[in-house]
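J.:
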Amino acid sequence: MQGEFCKRLRYANGAWIQRTSIPDDRSKVTVFSDLDDRMQVQLLELLTEMAADRAAPPGSNRQILGDWFASYNDEKAIEAAGTAPLQASLRRINAIRTRQDLARYLGTSDGLPGGNPIKASIQIDAKDSAHYIAQVDLLSEGLSLGEREPYLESKSKPRRQAYRQHVERMLALAGLKDAQRRAQRVLDLESRIAAALLPSDKVDYSSYNMIPFGEMGNRFPGVDWAAFFSASGLSEQSSVFVKTPQALAAGARLVAGVPLETWRDYLTYQYIKGCAEVLPLAFREAHFDFYTRSLGLQKTMRPRQTESIDTAKEKLQRFLGEEYVRLYVSEQTKAAAITMVDEIKAAFDDRLTRLDWISDSTRTEARRKLAATLGQISHPDHWPATEPLKVVRGDALGNHERVIARSARIYRAKLGTMSDRKAWDLEHMAPYWAGATVDPTKPAIIITAGILQAPFFDAAADPAANYGGLGAVIAHEFTHLFDHLGSHFDAEGNVRDWFAPADAEKFKARGERLAGQMSRYEAMPGMFVDGKRTLHESQADLGGVHIALDAYRRSLKGKPAPIIDDTTGDQRFFLAWAQNWRGKLKDERLRQDTLGGSTYATLEARAAMVRNVDAWYEAFDVKPAEKLYLKPEERLSLW
-13 MQGEFCKRLR
-3 YANGAWIQRT
7 SIPDDRSKVT
17 VFSDLDDRMQ
27 VQLLELLTEM
37 AADRAAPPGS
47 NRQILGDWFA
57 SYNDEKAIEA
67 AGTAPLQASL
77 RRINAIRTRQ
87 DLARYLGTSD
97 GLPGGNPIKA
107 SIQIDAKDSA
117 HYIAQVDLLS
127 EGLSLGEREP
137 YLESKSKPRR
147 QAYRQHVERM
157 LALAGLKDAQ
167 RRAQRVLDLE
177 SRIAAALLPS
187 DKVDYSSYNM
197 IPFGEMGNRF
207 PGVDWAAFFS
217 ASGLSEQSSV
227 FVKTPQALAA
237 GARLVAGVPL
247 ETWRDYLTYQ
257 YIKGCAEVLP
267 LAFREAHFDF
277 YTRSLGLQKT
287 MRPRQTESID
297 TAKEKLQRFL
307 GEEYVRLYVS
317 EQTKAAAITM
327 VDEIKAAFDD
337 RLTRLDWISD
347 STRTEARRKL
357 AATLGQISHP
367 DHWPATEPLK
377 VVRGDALGNH
387 ERVIARSARI
397 YRAKLGTMSD
407 RKAWDLEHMA
417 PYWAGATVDP
427 TKPAIIITAG
437 ILQAPFFDAA
447 ADPAANYGGL
457 GAVIAHEFTH
467 LFDHLGSHFD
477 AEGNVRDWFA
487 PADAEKFKAR
497 GERLAGQMSR
507 YEAMPGMFVD
517 GKRTLHESQA
527 DLGGVHIALD
537 AYRRSLKGKP
547 APIIDDTTGD
557 QRFFLAWAQN
567 WRGKLKDERL
577 RQDTLGGSTY
587 ATLEARAAMV
597 RNVDAWYEAF
607 DVKPAEKLYL
617 KPEERLSLW
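In the numbering used here, the protein residues as written are -13 to 625.
#1: Going straight from the alpha carbon of residue 374 to that of residue 541, what length do you get?
#2: Can you tell which of 148, 182, 183, 178 has the C-alpha that lies nearest to the C-alpha of residue 166?
#3: Is it the case that the stretch 572 to 589 contacts the stretch 598 to 615, given that we only count it when at least three CB pairs across the two stretches are under 8 angstroms?
#4: Is it the case that the stretch 235 to 246 contacts the stretch 419 to 434, given that we only count it when at least three CB pairs across the two stretches are under 8 angstroms?
#5: When the Cα atoms are used, what is the spatial distance from residue 381 to residue 318?
#6: Need the endpoints of the beta strand (DSSP E) that residue 109 sits in, please.
#7: Between residue 159 and residue 262, is the Cβ-Cβ spacing less than 7 angstroms?
#8: Go to residue 136, then tell me how far its beta strand (DSSP E) extends in each direction, as first and last residue.
#9: Comparing alpha-carbon positions, which option in 99, 289, 227, 533 lies nearest residue 198?
#10: Using alpha carbons as the reference points, say which of 157, 16, 410 lies closest to residue 366.
#11: Comparing C-alpha positions only, which one of 225, 447, 164 sits nearest to residue 200?
#12: Of all the options 400, 260, 173, 349, which has the alpha carbon lying nearest to the alpha carbon of residue 484?
#13: How is the beta strand (DSSP E) around residue 626 delimited, first residue to last?
#14: Given 8 angstroms as the limit, is there contact between the stretch 124 to 135 and the stretch 289 to 309, that is, 3 or more CB pairs closer than that?
#15: Quick one: grab the DSSP three-state call for residue 626.
#16: Name the two residues that bound the continuous beta strand (DSSP E) containing residue 364.
#17: Taking all protein chains shown into account, decide if residue 156 is buried (16 or more other Cβ within 10 angstroms of its Cβ) or exposed.
#18: Which residues does DSSP list as the beta-bridge partners of residue 117?
#19: Just how far apart, CA to CA, sit residue 253 and residue 79?
#20: In chain order, what residues of the same chain have a beta carbon less than 6 angstroms from the beta carbon of residue 16, not counting five sequence neighbours either side?
#21: Tell me residue 196's beta-bridge partners as DSSP assigns them.
#22: Can you say whether residue 590 is buried or exposed, counting buried as having 16 or more other CB atoms within 10 angstroms of its CB?
#23: Looking only at its chain, what residues have a beta carbon closer than 6 angstroms to the beta carbon of residue 491, apart from the 5 residues adjacent to it on each side?
#24: With H, G and I counted as helix, E and B as strand and the rest as coil, what does DSSP make of residue 269?
#25: Work out the CA separation of residue 251 and residue 433 for me, nearest whole Å.
#26: Could you check if residue 70 is buried or exposed, using at least 16 other CB atoms within 10 Å of its CB as the buried criterion?
#27: Quick one: grab the DSSP three-state call for residue 508.
#28: Over what stretch of residues does the beta strand (DSSP E) that includes residue 425 continue unbroken?
#29: Check whether the stretch 110 to 124 touches the stretch 470 to 480, counting contact only when three or more Cβ pairs, one atom from each stretch, lie closer than 8 angstroms.
#30: State the DSSP-derived secondary structure class of residue 475, mapped to helix, strand or coil.
#31: Do the CB positions of residue 260 and residue 99 come within less than 7 angstroms of each other?
#32: Would you check if there are 3 or more beta carbon pairs closer than 8 angstroms linking the stretch 452 to 463 to the stretch 386 to 394?
#33: Give the list of continuous alpha helix (DSSP H) stretches no shorter than 4 residues that lie fully inside the stretch 54 to 111.
#34: Spatial neighbours of residue 556 within its chain, please: CB distance less than 6 angstroms, with the 5 preceding and 5 following residues excluded, ordered by chain position.
#35: Pairing CB atoms from the stretch 439 to 451 with CB atoms from the stretch 332 to 347, are three or more of them under 8 angstroms?
#36: Would you mind working out which of 506, 217, 121 sits nearest residue 196, comparing C-alpha positions?
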C-alpha cells in the first residue's frame, strides 16, 4: 500500500521531492521546515539589524532583542568566560544541606534552567475557567530521557548507559570531581522518579483534586511544603491542585528518602544541561552528541547563528513576535484567514446538525461549545504591556537565566486575577510560528501568522487550494475540542463530561476502526504505523478533511467551481491536502517516530486519509481494482 500511495503523492509533490535533499544538520525536511526556513531569513535580518543598534532605548524591543542576539552569538566571549558564570548557581545547589533547603530549591525551580521533577505552576482552574490556581505534581520534566519507559525497559539499557556517560562528561566539563560516581547517582534517581510516575494511559485527565493547603503534609509527607510554597511565592493559597496524587506521594517519598548528595548531583546536572546552549562549545557538543547525534538524527550541529534564531523564537516570543508582525504580516491576510475560519466553523456546525451517531443532548452541547469557541487568528489587534526583561550585552548566561525567571514571574502574577478568555498567550504562541492549536479552557482555536502563507494559504489564490491546505489544518484543530480529550471541557472551558455515555462509547468504537485502518500502513519494510498511539491526531485528520471540503463547497455560494489548469475545484482541494504532508525523513528519524517518537502517523498515511472521502474517488476516478480503493462501507467518518 505504501508504494501505491507514494505514486499518487508524487503526482502532487514530485517536483518538490526531486529537488529536495536532507541537510546533515537535520533529520527531516517537510513543508513546515520550508516555512521555517523562510522565517529564519526574515528573523535573521531583523535580529542582525537590531544587534547593530547600540543606541536603542533601554527596555525597548530593539534593545532586548539586539543585545540578546549579540551576546548569544559572541562565542569568543562565551569561551573566555568558561564556567565562571555558572559558579554562583552551582554554589546555591551545593548549599542544599537539609530537606528544608531542598524543598525551598524545588519551590523556585519553575524559574530556573533545567528540568526538575516537582514544580509549582499556575493553571486555569479546570472547574472555574475564570480563575487561576496553583498546581503541584510529579512531572516527567525531571527525566532527561523524556519519558518513564527508557528508564524501566530492559531494551533501553544501552541508552541508559550512554546517558550515564553523558552526565559524567558534562559534570567533568564543569570541573566537578568524582564525575563517574555522581553520574551513576543521577541515573539512579531519575530511574526512581520514572518508576514513581504514572504511565500515560493510567492518568485520569478528568480528575479534579484540590488539596487544602494544610493537608499537603499529611497527604504527601516527605516535602516541607511550607518551605516549598514560601519559596515559590504561593503561601497565601488556600488549596493546591494535584493532577496525579499517587505519583506526587511517591515523589515526596523520594524527596524525604534519597540522600541529599544525590539530589545535589541531580540538580547540578539539570542546571548545567539547562544552560548548555550558552556555555562553551565543549558543553554544546556534549549535549548535541547525546541528545541528537547518538540517535542518528543529525550528523552535524546547526550553525550558531541558526541556533540563536531558534532560541530567540522560543524564549523571546513576546518581544520578537511584535516586531515580526510590524514588519512582515499583512492585515489583509489576517482578514481573509478570519473569513475562512468562520466558514469552517459554519460547515462544522452544519455537520453536527446532521450527525447520525450522537444523541440530541450531545448534539446540543457540541453546537453550544462550537458557537462559544473563539478564533485567535494571526496576531492580536493590540500588544499589551508585559513584564520587563533585563538583557545585558555580553552576559549570555545571565540573560538566559533572567528570561526563564521572567516567565515564572508572569505566571505567578496571574494568581488572584480573573482570566481573560480573549487574551493571547504571547509568551508561548508567537505570531511567527507556522502552526495551529486549540485552548480548551477558553475554548479557542489559535492560528498563527506564520502558517498564513504558501503553500498553506494565499489570500489572493484559488480558494480550493486554501481550503485543502490551511482549511484542513484549521478543521483538524477544531475537532480536537470535541475528541476524547477536548470533550472533557464544556462551552465555558470548565471540566465537565458533556458527552452522553452511549455517545462516548460510539466515538470510541469508531476510533478503534480508524486505528485498525491506520495500522495497515507500512512506514518502512516490516514496520507499520501504530494506529492506537497515533489515533488522537488521525481522528483530527479524518474530521479535518471532511469538514474542510464541506467548507470549501459552502464558500462557493452555490456557484460551480472554476476549472483551472484542467483541474476541478475538488481535485485542487485534494492536491493541496497532499501537499500538506510532503516531506523527506532520514531512516532513523522515520524509525524513531514510528516506534513512539511521534503521536502522528507517517506523512504518507496522513495524506492517505482521503481514502475515506467519497468525493476523492469521484475527483480522480479511483476504481475498485486500485489498491487504494476502499469499499463504501469501509470508509470512515467521525464528524
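C-beta atoms are modelled at their ideal positions from N, C-alpha and C, and glycine is treated no differently.
All figures in this text were calculated on a predicted structure; none of them were measured in a lab.
T.: The relevant details are as follows:
#1: Translated into the one-based positions of the sequence shown, residue 374 becomes position 388. Translated into the one-based positions of the sequence shown, residue 541 becomes position 555. Between residue 374 and residue 541, the C-alpha separation is close to 44 angstroms.
#2: One-based indexing of the sequence shown puts residue 166 at position 180. When each option's Cα is compared against that of residue 166, the closest is 148.
#3: no
#4: no
#5: Within the sequence shown, residue 381 is the residue found at index 395, counting from 1. Within the sequence shown, residue 318 is the residue found at index 332, counting from 1. In a straight line, the C-alpha of residue 381 is about 40 angstroms away from that of residue 318.
#6: The count along the sequence shown starts at 1 and reaches residue 109 at position 123. Run containing residue 109: 104 to 111, per the beta strand (DSSP E) assignment.
#7: Position 173 of the sequence shown, counting from 1, holds the residue named residue 159. Position 276 of the sequence shown, counting from 1, holds the residue named residue 262. It is not a contact, given that the beta carbons lie outside the stated cut-off.
#8: Here residue 136 refers to the residue found at position 150 of the sequence shown. Taken as a continuous stretch (DSSP letters only), residue 136 belongs to no beta strand (DSSP E), being part of the alpha helix (DSSP H) at 135 to 138.
#9: As a position in the sequence shown, residue 198 is number 212, starting the count at 1. The option with the nearest alpha carbon to residue 198 is 227.
#10: Start at 1 with the first residue of the sequence shown, and residue 366 comes out as number 380. Cα-wise, what sits closest to residue 366 is 410.
#11: As a working note, residue 200 is residue 214 in the sequence shown. Of the candidates 225, 447, 164, the one whose C-alpha sits nearest the C-alpha of residue 200 is 225.
#12: For the purposes of this step, residue 484 is taken as residue 498 along the sequence shown, with counting starting at 1. The residue with the shortest Cα to Cα distance from residue 484 is 349.
#13: Since the first residue shown for the chain is -13 and the last is 625, residue 626 is missing from the structure and cannot be characterised.
#14: no
#15: Lying outside -13 to 625, the shown extent of the chain, residue 626 is not represented and no answer is given.
#16: On the sequence shown, residue 364 is found 378 positions in, with the first residue counted as 1. It spans 360 to 364 - the beta strand (DSSP E) in which residue 364 sits, taken as one unbroken run.
#17: Mapped onto the sequence shown, residue 156 falls at position 170. So residue 156 counts as buried.
#18: Locating residue 117 in the sequence shown gives position 131, where the first residue counts as 1. In DSSP, residue 117 forms a bridge with 404.
#19: The count along the sequence shown starts at 1 and reaches residue 253 at position 267. The count along the sequence shown starts at 1 and reaches residue 79 at position 93. Looking at the two C-alpha atoms, the distance is approximately 7 angstroms.
#20: Position 30 of the sequence shown, counted from the first residue, corresponds to residue 16. Once the five neighbours on either side are set aside, the close Cβ partners of residue 16 are 569.
#21: Counted from its first residue, the sequence shown places residue 196 at position 210. For residue 196, which the question treats as bridged, DSSP gives the partners 227.
#22: As a first step, residue 590 must be located in the sequence shown, where it is residue number 604. Buried.
#23: As a first step, residue 491 is located in the sequence shown; it is residue number 505 there, counting from the start. Once the five neighbours on either side are set aside, residue 491 has no close Cβ partner at all.
#24: Indexing the sequence shown from 1 puts residue 269 at position 283. In this structure, residue 269 counts as helix in the three-state DSSP scheme.
#25: Numbered from 1 along the sequence shown, position 447 holds the residue referred to as residue 433. Numbered from 1 along the sequence shown, position 265 holds the residue referred to as residue 251. Going by the C-alpha atoms only, they are around 42 angstroms apart.
#26: Indexing the sequence shown from 1 puts residue 70 at position 84. So residue 70 counts as exposed.
#27: Residue numbering aside, residue 508 sits at position 522 when the sequence shown is read from its first letter. Of the three classes helix, strand and coil, the one that applies to residue 508 here is strand, per DSSP.
#28: Within the sequence shown, numbered from 1, the residue matching residue 425 stands at position 439. Taken as a continuous stretch (DSSP letters only), the beta strand (DSSP E) holding residue 425 covers 422 to 425.
#29: yes
#30: Here residue 475 refers to the residue found at position 489 of the sequence shown. The DSSP-derived three-state label of residue 475 is strand.
#31: Taking the first residue of the sequence shown as position 1, residue 260 is located at position 274. Taking the first residue of the sequence shown as position 1, residue 99 is located at position 113. In this structure, residue 99 lies closer than 7 angstroms to residue 260 by Cβ.
#32: no
#33: If you keep only unbroken alpha helix (DSSP H) runs of at least 4 residues inside the stretch 54 to 111, you get 61 to 67, 73 to 80, 85 to 93.
#34: For the purposes of this step, residue 556 is identified with residue 570 of the sequence shown, where counting begins at 1. Only 601, 605 meet the Cβ criterion.
#35: Under the three-pair Cβ rule at 8 angstroms, the stretch 439 to 451 does not count as touching the stretch 332 to 347.
#36: Walking along the sequence shown from the start, residue 196 turns up at place 210. Here the closest residue by C-alpha is 121.
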